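Heads up: the structure comes next, in structure tokens.
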Amino acid sequence: MQSPSDQQDRHGHPSHWEADVVLRDGGTARIRPITAEDADRLVSFYEQVSDESKYYRFFAPYPRLSAKDVHRFTHHDQVDRVGLAATVGGEFIATVRYDRIDERGMAASAPADEAEVAFLVQDAHQGRGVASTLLEHIAAVARERGIRRFAAEVLPANTKMIKVFTDAGYQQKRSFEDGVVRLEFDLEPTDRSLAVQRAREHRAEARSVQRLLTPRSVAVVGVARAPGGVGRSVLRNLQEAGFTGRLYAVNGEFGDGAEVEGVPAHRSVSGIDPGEPVDLAVVAVPAERVPQVVAECGERGVQGLVVISAGYAESGAGGRERQRELVRQARSYGMRIIGPNAFGVINTSPEVRLNASLAPEAPVRGRIGLFTQSGAIGIALLSGLHRRGAGLSTFVGSGNRADVSGNDVLQYWYEDPDTDVTLMYLETIGNPRKFTRLARRSATAKPLVVVQGARHSGIAPTGHAVQATRLPHATVSALLRQAGVIRVDTVTEMVDAGLLLAGQPLPAGPRVGILGNSESLGLLTYDACVADGLRPLPPRDLTTGATPADFRAALAEALSDDACDAVIVNAIPWVREDGVAADPETLATELRAAAARCSAKPVAVVHVELGGLAAALAAATSTRPDAAVPVRRTTGTTEPPAEADAAEDLAEQYRIPAYPAAERAVRALSEAVKYAQWRRDAAEPGKVHEYEDIDESGAADRIAELLAVEDDPRGATLAPADAHELLGRYGIPVRQALPAPDPDAAAAAARRLGYPVALKTTAPHLRHRAELGGVRLDLADEEQLRRAYQELTDAFGRPAELRPVVQGMAPRGVDTVVRAVIDPAAGAVLSFGLAGAASELLGDTAHRLVPVTDREAASLVRSIRTAPLLFGWRGSAPVDTPALEELLQRVSRLVDDHPEVVGVSLEPVVVAPRGLSVLGASVRLAPPPARDDLGPRTLPRY
């Protein structure tokens, strides 16, 4: 939704209330205000509602709407009386309205803050979650108009509507009088209402993707009569993959009863037998013909589209408008779109076997889900995974991702039983705030590996409509890692990590055993482990004479070692005693047998000039063992035959990832170690502290006062006194600094504060630049103060230019910087680093999303490279990091509690061995957006 500032007449037609939404069954609908032009639509809608539903709405038989009713239900002042409609294909499927009332239940105006709400849903669309979605939107509208509470009167037999209200998660009370159930509930979002809203969002969006990936029938629109062309290729790929549903070929040139390679052919989608549903249409016609195809699909009841056609936003301004219209048109019919300019979709499930893509060969079935915004990268990834023996569960090549995005696919993969690991190539993130929220939830269950393209150019690829972000790429990467995302730099690293995560268990720690038949390769592996933060054990050299049996014994021994969390095996070509080169398949069999005996620890193999080994290790029937088979490991004994047979069967299924370089194997293992640690930490996420001395309501009142006198709608930076007062309400005192426009004023300020003092310039070009000499510390008396004042003015200019201030000396410590900003795309971000040019030059700043828990505050302090300076580096006294962590949490609370606080900067914050001192602070306020992440569910607007 747009902010109200986008709508000039807020009491006219509030266009920012318009939204596209995904319903429970995965279809879409449009929600918009009801206007006077909707009279005919309202009458037609009402005629299609059953007598029972009408009775539930009006508590009496009500077969028709009178002219007076139609006028009342289509004319609203958009303040005290509001009506919203859900539409599909331009026609109403449901309505909701509220009327502001007073304490007697009579019509009222502000300041009355209660309203009566009522719904009516067409019977054919009941059970799709329409009423629940409308309740979210009408509640948001009511809050915007100053209404804090809804009341609803419902007949006891209308259990469906009672459930809509009771399941919404709001605090409510219920009463029964005169045969009517009266429900009253506050509209302030609660933790439960937000949880309900997000659970519904998850189910709806996951279902919308499921409908695209599991169709029972597919129509390919744009199939040429002669071999060749995109449409014909997609049709052939569907056939060769063994699609289990019905196929239809569509082209306006086909005659009646025609067939293409055994597939029924039709002139249009609407020409397909009405008794045969069409779930998915793959569109491969020129862009100018797509609107007609979309209209035919919409009228035919097609559930979703994969638009292969190009010529949209990637082609310029005209194409961007064509793309917007495509999305608007498809959503108006309740359809979702993958594309345009899409590569297609693949589902390897044996129940579907769908290859509605440009990939000539469908991947083998596996446990990896793959999403890519680039067709070229999609081809490379599919090919690379296939070469290395990895199978996929599903693939989505979204192209311009005008509608279905990575967020939607994440919702689907989260509960997909066929997907264990998810890989995503993203050139843009349309809604980073939502992406990090979904990624954090997904990563608690399944690894998510992400590559970001175009991360340094600062330019979004053509065809991608995204929110602008002011955050540098390093910050975005840090926030993704905080959410549990495995962020790698290249598609090669993504495949490397994906193979390890899909085929191996997560490591319990960073201790790595190294063994192999090359001492030099073992040392290289050791160095790579150290460089990537792992803790390698001394390499074990099996010598070049080692046999496959020696490898098996050494690997089994390493895996049984309690001091080892993972093993990397190095292998180079070797020659048997009889002069014959050993078979890599034999080595692969032995390694798989040893690894299967201890399947709780990951194993990776580095092979040099042993390509056959990689293929042999990948030759398994499953990407992940379902369960470990218990096997005795008593030295000097022989396994019972039954157990030995079971172990061999498991070994046949066990897949070990192989890498052509030690650095690649180590990097993949390092990512797995960090991800496993994140999973352990996420199991105990910490808590957001409630500090008793925080004056939240007082701060809110003061913020409202300050914004009331601010003329600039973009907001403003507060005066120092106002900023210090606001921070003080959150328990963040700022050390007083007094202006010193001349030496006498400086001396008077020092007498007031007490010696020793500091004299500092606050001119923008010198502020926080101690290295330039604009600060004089530990001035013990008036003589030193006046001398320092003269030195500053001689060096830098007149006092009016320098804006000097006098401040009492703080206890010695480490100078740090704490900042919080509201990014339009990512949301509220808290940052921490040490003060000074060196940290700025090296970019040594850590970031966390707000709100920050106690555990996140502790990790934030420790995640910068210069953190040792805070903990007694080279014999210095450790500083009071608990006080610093508390400060970070208080700043986080301030920004999270008050969305009007769009910027906070505390610099410097001197952290001493006991306590800390905030020496400088600035706060920026701006009017909050009418809709934020707590608002109702919507699809991105076009």
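In the numbering used here, the protein residues as written are 4 to 945.
Glycine is no exception: its CB is placed at the ideal position from the N, C-alpha and C atoms.
Keep in mind it's a predicted model, so treat the numbers as computed, not measured.
In this structure, DSSP gives V608 an extended state, which the three-state scheme calls strand. Under the three-state reduction of DSSP, Q455 is assigned to strand. When the five nearest sequence neighbours on each side are left out, the beta carbons in the same chain lying within less than 8 Å of the beta carbon of L384 are those of L373, T375, L426, Y428, V494, M497, V498, in order along the chain. The Cβ neighbour count for Y694, taken over all protein chains shown within 10 Å, is under 16; the residue is labelled exposed. Between the alpha carbons of R100 and I432 lies a gap of roughly 35 Å. Following the DSSP letters along the chain, one finds H19 in no alpha helix (DSSP H), marked with neither H nor E.
Excluding the 5 residues flanking it on each side, S866 has same chain C-beta neighbours closer than 6 Å at A849, in chain order. When C-beta atoms of the segment 875-888 are compared with those of the segment 912-928, three or more pairs fall below 8 Å, so the two segments count as touching. Within the same chain, Cβ atoms closer than 7 Å to the Cβ of D28 are found at R131, R210, the five residues on either side in sequence being excluded. Closest option to P289, judged by alpha-carbon separation, among G225, E191, F257: G225. Around the beta-carbon of T162, fewer than 16 other beta-carbon atoms lie within 10 Å, marking it exposed.
Its chain contains A477 as the residues whose beta carbon lies nearer than 7 Å to that of G846, once the 5 sequence neighbours on both sides are disregarded; these appear in chain order.
The segment 18-65 contains, as complete alpha helix (DSSP H) runs of 4+ residues, the segments 42-50, 54-61 (chain order). The beta carbon of I165 lies closer than 7 Å to those of V157, V184 in the same chain, with the five residues before and after it left out.
Ranked by how close their Cα comes to the Cα of A22, the residues V330, F153, R779 have V330 in first place. Secondary structure note for Y678: its alpha helix (DSSP H) is the uninterrupted segment 665-685. Distance between A556 and L545, taken at the CA atoms: about 11 Å. Counting the other Cβ atoms within 10 Å of the Cβ of L782 gives 16 or more, which makes it buried. By the Cβ-count criterion, E262 is exposed, with fewer than 16 other Cβ atoms from all chains shown falling within 10 Å of its own Cβ. Looking from the CA of Q507, the closest CA among A886, G378, A661, L873 belongs to A661. Contact between the segment 894-914 and the segment 853-861 is present: 3 or more CB-CB pairs across the two stretches fall below 8 Å. Within its own chain, the residues whose Cβ lies closer than 7 Å to the Cβ of A244, once the five positions on either side in sequence are excluded, are R356, L357, N358, A365, listed in chain order.
Taking G304 as the centre and dropping the five residues before and after it, the same chain places the C-beta of P280, V281 closer than 8 Å to its C-beta, in chain order. By the criterion of a C-beta distance shorter than 6 Å, W416 is surrounded in its chain by G372, T422, T425, once the five residues flanking it on both sides are discounted. Here A379 is exposed. Its C-beta has fewer than 16 other C-beta atoms within 10 Å. Annotation: the continuous alpha helix (DSSP H) that includes M164 extends over 162-169. Residue state for H901 is assigned as coil, using DSSP reduced to three classes. Following the DSSP letters along the chain, one finds H269 inside the beta strand (DSSP E) bounded by residues 266-269. Check the Cα spacing between E324 and each of E699, G689, A405: the tightest is with A405. Measuring C-alpha to C-alpha distances from S312 to each of N403, A929, A121 identifies N403 as the nearest.
One Cα belongs to D170, the other to E139, and the distance between them is close to 12 Å.
Between the alpha carbons of S834 and A481 lies a gap of roughly 11 Å. By the criterion of a C-beta distance shorter than 8 Å, I706 is surrounded in its chain by L729, H901, E903, V904, L928, once the five residues flanking it on both sides are discounted. Contact annotation: V669 and P513 have beta-carbon atoms that are not nearer than 8 Å. As DSSP reads the structure, A110 sits in a beta bridge with I104. Note on W577: 16 or more other CB atoms within 10 angstroms of its CB, so buried under the neighbour-count rule.
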